[in-house]
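J.: Take a look at this one; I'll ask things after.
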Amino acid sequence: MKLGNLYKLIGASLIMMVFVAGCGKDPQSPGKEYAPNMYVSVGYEPFRQVEANPINPMGISMRLPVAGTVARRNYNTEFGTGDSARVDLMVYNLHADSIDVAARILKNPIPLNEKSLAEGKVLYDRYCQHCHGATGAGDGKVGDMYKGIPNYASDAYKNMNEGHIFHVITFGKARMWPHASQVTPEERWKIVHYVQKLQKGS
Amino acid sequence: MNIPFREGSKFFPTLKCSSRLIAFALTLVLSLPYVVSAQEAAADAGGADIAHGETVFKNNCAQCHAITDERVVGPGLKGATDRNNMDWLIKWVKNSQAMIAAGDPYAVKIYNEYSKAQMTSFPGLSPEDIKAIFAYVDNAATAAPAEAAAGAAPAAGGAAASSGPSDMFMVVLVALVIVMLLVLGVLLVIVTILSKAVNGGDSSASEGDFMGRLTKSLKGVVSDPAIRSAVIWVFALLALKATVDGAFGVGVQQGYAPKQPIAFSHKLHAGEYKIDCNYCHTGANRGQSAHIPSANICMNCHGVIKKESPEIQKIYTSIENDQPIEWVRVHNLPDFAYFNHSQHVNVAGVECQTCHGEIEKMEVVQQRSSLTMGWCIDCHRKTDVNTKGNEYYDNLVQLHASESQEALKVEDIGGLECSKCHY
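Protein chains in written order, with the numbering used here: chain A, 7 to 208; chain B, 634 to 1056.
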């Protein structure tokens, strides 16, 4: 019957439409690419890799820098203007246990002014605030869970000097872990400025 | 009652014993109302002292000590006044290291018990401060059970109320379906009644006739060539549209949300705990890639928090075996298009969410934007350049102002040039 064939045709196309429209994209699959050889880098890229690297250990393209490498690319070396300008490579060769030495000899090379304090606040909010709290009272959201976060303005902490604070950010202390991999020395010194402001309870 | 038997040397011990009994009974009787109104009684006894103690405790001690017997960094302070007398406690708080050095047995014991972690010395606290701290701790210990009981009821209520909007949605959906079914039923009934009325109440013929007429009219509709070709055209066009959409979808990974090797939740970390994106993605401000955080950044918190969770154990295993975690990259830009995070995040001040969507609400990260060229260009046309406080742009702003009245957009500084991104 002619009519029957048409019914079948319409039915089949309807079902197909439902499938095409309904199945959508599988969230587990990145989908089709037109020319994969143009999408994937020929050279090694640190954060994108499709196939295992046959040369490097564990098949990853990234490699660790040679031990003792000092990254300098993003470092400023001159701070301040005019007579107060000074050059500092910010390369300190202190051991993690030498916190007393750090407190004695390390001096903040970044001049304290409104700009450096504002930058310090931005960095503090980024790297410290979730534990130490916006005002340094140790009441950050993560701090409540982590426990053992001091109040900067309390008697035992309010007099800790810049070298001490710098060393704690670099190597950690007590329950706090080292943050040297996340913040550069220059950023650490800016944070120090801001922490010293919080120590005064403001 | 012992009096008739009292006898010289026996008198004192018996009296002592009985006085103890009396004291005990007294304490019992007295403690009954005391427990009920512990807080009021304490407030009467030294409310100012307790309030002062609370302030001092929160500023100096709360970071490492709980007022319950829970171990935080140091021991919980509940019952500390029973374990040691006040003089010992004052000496300890002022300078615990000196006591350990002097060989005080309890000081040495607790020092060793807490893996030789030094307690900060508080020489600045006066004996009154320290007494106030322990007054606060003892008061909290007696008041806590009452508060816990009072707090339990609202907590239970809260849990019941927080069933969420998804249930509500389901209820509405089910109600809608029921209403639609009812309407359909009513319509059928109306149609039946009407056809009955038309057939002059001949109930035996009406039903068959209704179905028959329905089939007949349907057949009429299907066999009409105009309607047939219209249907075929509609289907053909829809199919064409689906095909074209599919073709444009090639290489577009919008909606891609792969399963990661560790069930990390951005909703928890960025949403609930408000950890800044830059804390882990340290590269977003500094370079091309935002960086996938290395395990040491996880350890900054998870060296302490939730160590026993199987998901976090995976990080531990990875560190122990020096084996990198194979995160699945979600946002893949083709190699022929250059993109730099620092230019957008640091220089332009674009929020992460502008391109990545509401990451802080995602349990599993999903690519929300299409990341197509049209999408890039669209934004470059609309967005003003963030020139404030950036002397690099000063001359450009001047030049642009002399030629145009409009704000300096990204397209005006070459944001649409091919070779900016393709080279």
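Where is the CB? At the ideal position from N, CA and C, for every residue including glycine.
Quick check on ILE111(A): buried or exposed, where buried means 16 or more other Cβ atoms within 10 Å of its Cβ?
T.: Classification for ILE111(A): exposed.
J.: Would you mind telling me which residues of chain A sit closer than 8 Å to GLN696(B), beta carbon to beta carbon, in chain order?
T.: Near GLN696(B) (Cβ distances below 8 Å), the residues of chain A are GLY144, LYS153, GLY154, ILE155, PRO156, ASN157.
J.: Whole angstroms is fine: what's the gap from ALA735(B)'s alpha carbon to ARG181(A)'s?
T.: The alpha-carbon atoms of ALA735(B) and ARG181(A) are separated by roughly 27 Å.
J.: Could you compute how far the alpha carbon of ARG861(B) sits from the alpha carbon of ILE895(B)?
T.: Their backbone Cα atoms lie some 55 Å apart in a straight line.
J.: Any C-beta of chain A sitting closer than 8 Å to the C-beta of GLY757(B)?
T.: True, the Cβ-Cβ gap to chain A drops below 8 Å.
J.: Determine which residues share a DSSP beta bridge with GLU84(A) and list them.
T.: GLU84(A) is bridged to VAL93(A).
J.: Since PRO52(A) meets chain B, which of its residues come closer than 8 Å, beta carbon to beta carbon?
T.: Going along chain B in sequence order, the residues near PRO52(A) (Cβ under 8 Å) are SER922.
J.: Looking at C-beta atoms only, is the number of pairs between the stretch 897 to 904 of chain B and the stretch 36 to 49 of chain A that lie closer than 8 Å three or more?
T.: Touching, no, given that fewer than three Cβ pairs across the two stretches are closer than 8 Å.
J.: Which stretch, first to last residue, makes up the alpha helix (DSSP H) that contains LEU870(B)?
T.: 858 to 881 is the extent of the alpha helix (DSSP H) around LEU870(B).
J.: Please check if any C-beta of chain A sits within less than 8 Å of the C-beta of GLN949(B).
T.: Strictly speaking, residue 949(B) in this sequence is Tyr, with Gln absent from that position. Judged by the 8 Å Cβ criterion, TYR949(B) is not in contact with chain A.
J.: Using 8 Å as the limit for Cβ to Cβ distance, is LYS147(A) near chain B?
T.: Yes, LYS147(A) lies at the interface with chain B (some Cβ there is under 8 Å from its Cβ).
J.: Compare the beta carbon distance of ASP720(B) and LYS711(B) with 8 Å and say whether it is the shorter of the two.
T.: Against a cut-off of 8 Å, the Cβ pair of LYS711(B) and ASP720(B) comes out as no contact.
J.: Just to confirm before moving on: does the CB-CB distance between ASP682(B) and ASP131(A) stay below 8 Å?
T.: No, these two residues do not count as a Cβ contact at 8 Å.
J.: How big is the Cα-Cα spacing for GLN887(B) and HIS964(B)?
T.: The alpha-carbon atoms of GLN887(B) and HIS964(B) are separated by roughly 9 Å.
J.: Distance check for SER754(B) and GLY680(B), CA to CA, integer angstroms please.
T.: Cα-Cα distance, rounded: 27 Å.
J.: What are the residues of the stretch 173 to 201 of chain A that lie near chain B, defined by any Cβ-Cβ distance shorter than 9 Å?
T.: Cβ contacts with chain B: GLY178, ALA180, ARG181, MET182, TRP183, PRO184, HIS185, SER187, GLN188, VAL189, THR190.
J.: Would you mind telling me which residues of chain B sit closer than 8 Å to HIS136(A), beta carbon to beta carbon, in chain order?
T.: The contacting residues are TYR906, LYS907, ILE908, ASP909, TYR912.
J.: Among the candidates ASN59(A), PRO117(A), GLY49(A), whose CA atom is the shortest distance from the CA of GLU193(A)?
T.: Closest by alpha carbon: PRO117(A).
J.: Would you mind telling me which residues of chain A sit closer than 7 Å to PHE969(B), beta carbon to beta carbon, in chain order?
T.: Going along chain A in sequence order, the residues near PHE969(B) (Cβ under 7 Å) are MET44.
J.: Can you tell which of ALA1034(B), ILE763(B), VAL980(B) has the C-alpha that lies nearest to the C-alpha of GLU1025(B)?
T.: Here the sequence assigns Tyr to residue 1025(B), which means Glu is not the residue at that position. It is VAL980(B).
J.: Could you give the residue range of the alpha helix (DSSP H) that holds LEU70(A)?
T.: LEU70(A) -> no alpha helix (DSSP H), and no H or E assigned at all.
J.: Under the assumption that HIS1072(B) contacts THR915(B) (Cβ atoms under 8 Å), give the Cβ distance between them as a whole number of angstroms.
T.: Any answer about residue 1072(B) is impossible in this case: the structure gives chain B only from 634 up to 1056.
J.: What residues from chain B crowd round SER160(A), counting only those whose CB sits closer than 8 Å?
T.: Here the neighbours are ASN692, ASN693.
J.: Using 8 Å for Cβ pairs, my map puts PRO891(B) next to VAL978(B). What's the rounded Cβ distance?
T.: That belief does not hold up - the Cβ atoms of PRO891(B) and VAL978(B) are roughly 24 Å apart, past 8 Å.
J.: Label VAL114(A) either buried or exposed according to how many other C-beta atoms from any shown protein chain fall within 10 Å of its C-beta, with 16 as the threshold for buried.
T.: The amino acid at residue 114(A) is misidentified as Val; the sequence shows Asn. When all chains shown are included, ASN114(A) counts as buried.
J.: Out of curiosity, what's the CA-to-CA distance linking LYS691(B) and ALA774(B)?
T.: Distance between the alpha carbons of LYS691(B) and ALA774(B): 16 Å.
J.: Assign MET752(B) to one of three DSSP states: helix, strand, or coil.
T.: In this structure, MET752(B) counts as coil in the three-state DSSP scheme.
J.: How far does the alpha helix (DSSP H) with ALA186(A) in it extend, from its first residue to its last?
T.: That residue, ALA186(A), is in no alpha helix (DSSP H); it is neither H nor E in DSSP.
J.: For ASN929(B), decide whether its Cβ has a neighbour in chain A, counting only Cβ atoms nearer than 8 Å.
T.: Yes, contact with chain A.
J.: How about PRO894(B): is its C-beta nearer than 8 Å to some C-beta of chain A?
T.: No, no contact with chain A.
J.: Ordered along the chain, which non-local residues of its own chain (more than five positions away) have a Cβ less than 7 Å from that of ARG1014(B)?
T.: Hits under 7 Å: LYS1042, GLU1044.
J.: What is the DSSP secondary structure of ASP968(B), reduced to helix, strand or coil?
T.: Note: ASP968(B) maps to coil in three-state DSSP.
J.: Going along chain B, which residues have a C-beta under 7 Å from MET166(A)?
T.: Going along chain B, no residue has its Cβ under 7 Å from MET166(A), so there is no contact; the nearest lies around 11 Å.
J.: Between TYR133(A) and VAL189(A), which are expected to be in contact by the criterion C-beta below 8 Å, what is the C-beta distance as a whole number of angstroms?
T.: Yes, TYR133(A) and VAL189(A) are in contact; Cβ-Cβ is about 6 Å, under 8 Å.
J.: Looking at C-beta atoms only, is the number of pairs between the stretch 763 to 771 of chain B and the stretch 722 to 738 of chain B that lie closer than 8 Å three or more?
T.: Yes, the stretch 763 to 771 of chain B touches the stretch 722 to 738 of chain B.
J.: Taking C-beta pairs closer than 7 Å, name the residues in chain B that PRO139(A) reaches, listed in chain order.
T.: It should be pointed out that residue 139(A) corresponds to Gly in this sequence rather than to Pro. In chain order: nothing, as chain B lies at least about 11 Å away.
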